[in-house]
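Throughout the sequence shown, residue numbering follows my numbering, covering 51 to 132 in sequence. To keep things clear, I will list the structure first and then write my remarks on it.
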Amino acid sequence: MGSMGRFVAVQRMGACWEFAVVMTTLLRDVAGVYTRVVYFEGMDHALPEVYLKGRWWVFGASHTTPRYPVAARSYASYLRRE
Numbered sequence: 051m052g053s054m055g056r057f058v059a060v061q062r063m064g065a066c067w068e069f070a071v072v073m074t075t076l077l078r079d080v081a082g083v084y085t086r087v088v089y090f091e092g093m094d095h096a097l098p099e100v101y102l103k104g105r106w107w108v109f110g111a112s113h114t115t116p117r118y119p120v121a122a123r124s125y126a127s128y129l130r131r132e
C-alpha cells in the first residue's frame, strides 16, 4: 500500500476515492479477491466493488444498504429508489 493508503488507514481521513483505493487494495492483497474502484462521474463519487460468486458487488462503507447487499449492476437503480 502506498503512502496515501497508509495515511488514510492510520488517520481515518480521506475522500471516497481514497477510501475506495485503500479498501480494494486491502481486499485484494489480504483476502485475494478481485476488486475494482468505480467512479460515478455525475455524482462525483467513487466506491469499491468486489467480485464474488460470479458477480460484482458494491463494497462501500459510505454507500451501503442497511438491509441487503446490492449487485453492482443494480446499484444505480437502488439509489434512484431510495
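Glycine included, each C-beta is placed from N, C-alpha and C at the ideal position. Everything numeric in this text was worked out from a predicted model, so none of it was measured.
Pairing E91 with R105, the inter-Cα distance amounts to about 22 Å. The residue among V80, Y125, R131 with its C-alpha nearest the C-alpha of E99 is Y125.
In this model, L77 and A65 are separated by some 18 Å (Cα to Cα). Under the DSSP assignment, A96 falls in the beta strand (DSSP E) whose first and last residues are 95–102. Nearest neighbour of D94 by Cα position, chosen from D79, L129, R123, W67, turns out to be W67.
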